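A.B. asks: For reference, the structure I am asking about is given below.
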Amino acid sequence: MLAQIDPATLKVSKKISQPGILLSVAQLNDSNQVFVGSSDGMVYSLDAMADKPEPLAMEGHQSYVTGLVQSGELLVSGSFDGKLIWWNSQTREQIRTVDAHHKWIRQLAINQDGTMLASVSDDMVCRLWNLADGSLIKELKGHAEKTPHHFPSMLYACAFSADGSLLATADRVGLTIVWEVETGKELARLESPIMYTWDPKQRIHSIGGIRSVAFSADRSLLAVGGTGKINNIDHLEALSRIEIFDWEKGERTHEFNGDTYKGLVEQLIFHPEDQWLLAAGGDHNGFIKFYDLAEKKVIKQDKAPMHVHDLVVNEAFDTIFAAGHGQLVVWQMDAAKSD
Amino acid sequence: MADDQQLKTGVGIQQPIDRRHFLGSGAGLAGGIAGCLQLLSHPLLADELKQQEKRVILLWLAGGASQLETFDPKPRRPTGGPFQAIPTSTAGVYISELMPKMAQRMENTAIIRSLNTGIGDHGGGSILMHLGRRDEPNLKYPDMGSVLAHELGQADSSVPDFVTFYTATEGRGNAVGRPGFLGARYAPMFLTTNNKPDDLARIAELAEVDHRQRADLRQLLSDRFTRGRETERVLESHNVAYRRVRGLMASDTLFDVEDEPQKMHSLYGPTLFAQQCMIARRLAEAGTPFVKVSRAWWDSHGQNFETHLEMVTELDHVMSTLLEDLRQRGMLESTLVITLSEFGRTPTINGSLGRDHFARAWSASLSGCGINGGSVYGKTDEDGQHVAEGEIGAAEMIATIYQALGIDPQKEYHVGARPVPLTDPGTEAVTEVLA
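Residue numbers (the working numbering), protein chains in the order written: chain A, 1 to 339; chain B, 1001 to 1435.
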């Protein structure tokens, strides 16, 4: 059982400026060594808690590095160039490159035992890979390639359940599909239409989409994050939005619309004992929030130093490494005081 | 006001060569509008214009399309964004990977990458890029649509000579056609909520046969009245105007894309922009000299890459289809297709993954009529922050459009006694992109 952590004690412990846009982050075996994926096509390895972190560049991609996952000695990166690159996380050497998708890779996820990797792409296919050898296990196809308004759709997010039996994928128009990993069978379709804004009158294009998904630890709930409806789609000035479903019943159990800090919810992580749900993202600025699902309220929210694109939490769940616009930020929390 | 001045003096819009025709015809200056109409119906001039049969379709990318995601990509630069550059059918010319279809047919298209237009607000930038210059306190200039309607249109045309589509509401007020001192005759037919003009339809209660018979009767009475009054120019101008209205009413069907075969619908695609470009081609084919299809709204302060993924994909498909359609109909050599915005977008990517307004170094394209296809004029620096070579402004851009159509950018109109060139004195076209 994890020690009780008090989100109310959240504080920034480190801010590391890095040129470019940091879009993904992974932690090396619960250490302070992290990898960040950048808009310059590099993966950088650095000690996030060093006095003067010295990022080491790992060159391989040709475009934004949008996904990073780590397990044991393996690190896998995914990029808008459609490639997955396997790296030795210790030596930072490339192991293999796979032409995984013919459009942008938006996000990666691995199951908890580190055997399977999922990648989602704007080709609207989710592919499951053998993490050990890079072989393709399965393709999951169910998201439409075009929006209802005849524009290219985008498949933004994916997440495994903690037991690895389920995978959720979510797209631009607000559709989430829950898949049975073993069979590749669709188990549920959940709609979040508010997260997709089509403006038919003022600007005649769209914005939004589900950018993050996460299963609760007991896999009964599925959270999806994005924004609410946006009036002026020139900007991201919308209420951040989280919907939580009892996915087996197809019922929406929670709706959170953030009005203090606005923008996209780019990342969602349930506490491993479902004590709270962590969300982060932003518009021009960034935010981090903690929700108590039982009480249906915000426990803690704070302005982030930048729009947060990705984050990872250590095993003790007291340290958060967040990648964003020009910065890597480390937050820390204290243990809850016993009464 | 110049318009008032024109009305008071009764002096119409004239050019030197036209004035010779005009005076030679024996009509007096006091003929005013009627005189102008007669001028344009002069057989020699009409033939000249008819021979030209030049048309313009302006794809107005309202809100400011990004040059970095279209015609001036900067891959692997901090400002470049995530899209790659792809080779085109012209060796050495690369454009954004969002435009694979245009990349395959660059032989008809020239790119200008060195616009520095200085106005970074939507309203001011739109006016500048339509006029090619700033207004004067006492003179309202016509925009290029009105000028080209005047230059390329014919007085007795049975089709409208300046049509503008602007369906989105955002920015619409910035892009209203302005005939300026040319007067209302050269104002656009401005279509907003519908792709079809509301006011052209014959009223339902009036059968077509009745409508035609009324016109015949009106003509008969008119002919009787003018017998022995051959010098009555005003009456003739009424007849011309009436025939024009009848013609415009008959052109109603041009806006009805349901007449197009299914194959054309499949080629252009289902979006509103595609439908309007199909109508633009129909209008051009029927003789409308200037059609502006406004695709709004590109103002991607947030999520620039998602917005451009949607909108450039559409632009690439529709524009390449339009060019191919024109080529197959033998119209591309006589039709100039332009992409233009009020400005471009900042190379610097903001915290919302957006790009903001940027008038300092941006791009436009010219395809078809009078264009040296495959040419690229101007260059920006490696991050797209500044023009490195061949800087031009709005005036040169508009002058290049005029010259591509065979119109001298320094050609003069007269507002009262004042000669007014089409573009500011000394403005030169970018001849490097002209055939």
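Even glycine gets a Cβ: it sits at the ideal position worked out from N, Cα and C. Just so we're clear, the structure is a prediction, and the values are computed from it rather than from any experiment.
Taking B:Gly1120 as the reference, give the member of B:Arg1178, B:Gly1063, B:Pro1142 and B:Asp1156 with the closest Cα.
C.D. replies: Considering only alpha carbons, the answer is B:Gly1063.
A.B. asks: Bridge partners for A:Ser121 per DSSP, in chain order?
C.D. replies: A:Ile105, per the DSSP bridge assignment.
A.B. asks: Does B:Trp1297 get closer than 7 Å to chain C when you measure Cβ to Cβ?
C.D. replies: As a matter of chain content, chain C is missing from the structure shown, whose protein chains are A and B.
A.B. asks: I want to see whether chain A comes within less than 7 Å of B:Pro1197, judged by CB atoms only; does it?
C.D. replies: Chain A contact via Cβ: absent.
A.B. asks: Report back the beta-carbon spacing between B:Ser1352 and A:Asp283 to the nearest angstrom; my notes put them in contact at under 8 Å.
C.D. replies: Confirmed, about 5 Å.
A.B. asks: What three-state label does DSSP hand B:Pro1421 in the structure shown?
C.D. replies: Of the three classes helix, strand and coil, the one that applies to B:Pro1421 here is strand, per DSSP.
A.B. asks: Any residues in the stretch 32-47 of chain A with a beta carbon nearer than 9 Å to a beta carbon of chain B? Which ones, in chain order?
C.D. replies: Cβ contacts with chain B: Ser39, Asp40 and Gly41.
A.B. asks: Check B:Cys1369 in the structure and name its three-state DSSP category.
C.D. replies: Reduced to three states, the DSSP call for B:Cys1369 is coil.
A.B. asks: Output needed in chain order: residues of the stretch 1298-1326 of chain B with a Cβ under 8 Å from some Cβ in chain A.
C.D. replies: Those residues of the stretch 1298-1326 of chain B that come within reach of chain A (Cβ to Cβ, closer than 8 Å) are Asp1299, Ser1300, His1301, Gly1302, Gln1303, Glu1306, Thr1307, Leu1309, Glu1310, Met1311, Thr1313 and Glu1314.
A.B. asks: For B:Asp1210, is the classification buried or exposed, using 16 other Cβ atoms within 10 angstroms of its Cβ as the cut-off for buried?
C.D. replies: B:Asp1210 should be labelled exposed.
A.B. asks: Between the stretch 297-305 of chain A and the stretch 315-332 of chain A, do three or more beta carbon pairs fall short of 8 Å?
C.D. replies: The stretch 297-305 of chain A is in contact with the stretch 315-332 of chain A.
A.B. asks: Could you tell me the alpha carbon to alpha carbon distance between B:Ile1127 and B:Ala1175, rounded to whole angstroms?
C.D. replies: Those two C-alpha atoms are separated by around 7 Å.
A.B. asks: Going along the stretch 217-244 of chain A in order, which residues come within less than 7 Å of chain B, judged by CB to CB distance?
C.D. replies: Taking 7 Å as the Cβ-Cβ cut-off against chain B, the residues of the stretch 217-244 of chain A that qualify are Asp234, His235 and Leu236.
A.B. asks: Could you work out which residue in B:His1414, B:Asp1424 and B:Leu1434 is closest to B:Gly1183 when comparing CA atoms only?
C.D. replies: The residue with the shortest Cα to Cα distance from B:Gly1183 is B:His1414.
A.B. asks: With 7 Å set as the bound, which would you pick, yes or no: does the beta-carbon of A:Ile207 sit closer than that to a beta-carbon of chain B?
C.D. replies: So, interface residue.
A.B. asks: Looking at the structure shown, is A:Gln332 part of a helix, part of a strand, or coil, going by DSSP?
C.D. replies: Three-state result, A:Gln332: strand.
A.B. asks: Mind reading off the beta-carbon distance from B:Leu1405 to B:Val1056? Whole number of angstroms is fine, and I expect it under 8 Å.
C.D. replies: About 7 Å; that satisfies the 8 Å criterion.
A.B. asks: Could you check what DSSP says for B:Val1147 in three-state terms: helix, strand or coil?
C.D. replies: Here B:Val1147 sits in helix by DSSP.
A.B. asks: Is A:Phe80 close to chain B, meaning its C-beta is less than 7 Å from at least one C-beta of that chain?
C.D. replies: Closer than 7 Å to some Cβ of chain B, the Cβ of A:Phe80 qualifies, so yes.
A.B. asks: Could you tell me whether the Cβ of B:Glu1260 comes closer than 7 Å to any Cβ of chain A?
C.D. replies: With 7 Å as the cut-off, B:Glu1260 does not count as an interface residue toward chain A.
A.B. asks: Tell me whether the stretch 1287-1303 of chain B and the stretch 1076-1087 of chain B touch, counting them as touching only if at least three CB pairs, one residue from each stretch, are closer than 8 Å.
C.D. replies: No: the two stretches stay apart, fewer than three of their Cβ pairs being nearer than 8 Å.
A.B. asks: Could I get the ranges of all uninterrupted beta strand (DSSP E) runs contained in the stretch 129-173 of chain A, with 3 residues as the minimum, in chain order?
C.D. replies: Here the runs fully enclosed are 136-141, 155-160 and 166-171.
A.B. asks: Sorted by chain position, which residues of the same chain lie with C-beta nearer than 7 Å to A:Val312's C-beta, five sequence neighbours on each side aside?
C.D. replies: So the list reads Val25, Ala26, Gln27 and Phe321, once near-sequence residues are dropped.
A.B. asks: If you run the structure through DSSP and keep just helix, strand and coil, what is B:Val1415?
C.D. replies: The answer is strand: DSSP assigns B:Val1415 an E or B state.
A.B. asks: Would the beta-carbon of B:Ser1114 fall within 7 Å of that of B:Gly1378?
C.D. replies: Yes. Within cutoff.
A.B. asks: Where does the unbroken beta strand (DSSP E) through B:Met1319 begin, and where does it stop?
C.D. replies: Not the beta strand (DSSP E): B:Met1319 falls in the alpha helix (DSSP H), residues Asn1304 to Gln1328.
A.B. asks: So, does the CB of B:Ser1352 fall closer than 7 Å to a CB anywhere in chain A?
C.D. replies: Closer than 7 Å: yes.
A.B. asks: For the stretch 301-324 of chain A, which residues have a beta carbon sitting closer than 7 Å to at least one beta carbon of chain B?
C.D. replies: Cβ contacts with chain B come from Met306 and His307.
A.B. asks: Give the interface partners of A:His284 over in chain B, defined as CB-CB distance under 9 Å, in chain order.
C.D. replies: Correct list: His1301, Gly1302, Asn1350, Gly1351, Ser1352 and Gly1354.
A.B. asks: Counting Cβ pairs, one atom from each stretch, are 3 or more of them under 8 Å apart for the stretch 155-163 of chain A and the stretch 121-137 of chain A?
C.D. replies: Judged by Cβ distances under 8 Å, the stretch 155-163 of chain A makes contact with the stretch 121-137 of chain A, as three or more pairs qualify.
A.B. asks: Beta-carbon of B:Thr1271 versus every beta-carbon of chain A: anything under 7 Å?
C.D. replies: So, interface residue.
A.B. asks: Residues of the stretch 15-28 of chain A with a CB closer than 8 Å to any CB of chain B: list them in chain order, please.
C.D. replies: Cβ contacts with chain B: Pro19, Gly20 and Ile21.
A.B. asks: Can you list, in chain order, the stretches of the beta strand (DSSP E) that have 3 or more residues and sit fully within the stretch 220-287 of chain A?
C.D. replies: The qualifying runs are 221-227, 239-246, 251-262, 264-270 and 277-282.
A.B. asks: Please report whether the beta-carbon of A:Arg203 lies at a distance below 7 Å from any beta-carbon of chain B.
C.D. replies: Judged by the 7 Å Cβ criterion, A:Arg203 is in contact with chain B.
A.B. asks: Against chain B, which members of the stretch 135-156 of chain A pass a CB distance test of less than 9 Å?
C.D. replies: Listed by position along the chain: Thr147, His149, His150, Phe151, Pro152 and Met154.
A.B. asks: Tell me whether B:Gln1403 sits in a helix, a strand or coil according to DSSP, three-state version.
C.D. replies: It is helical.
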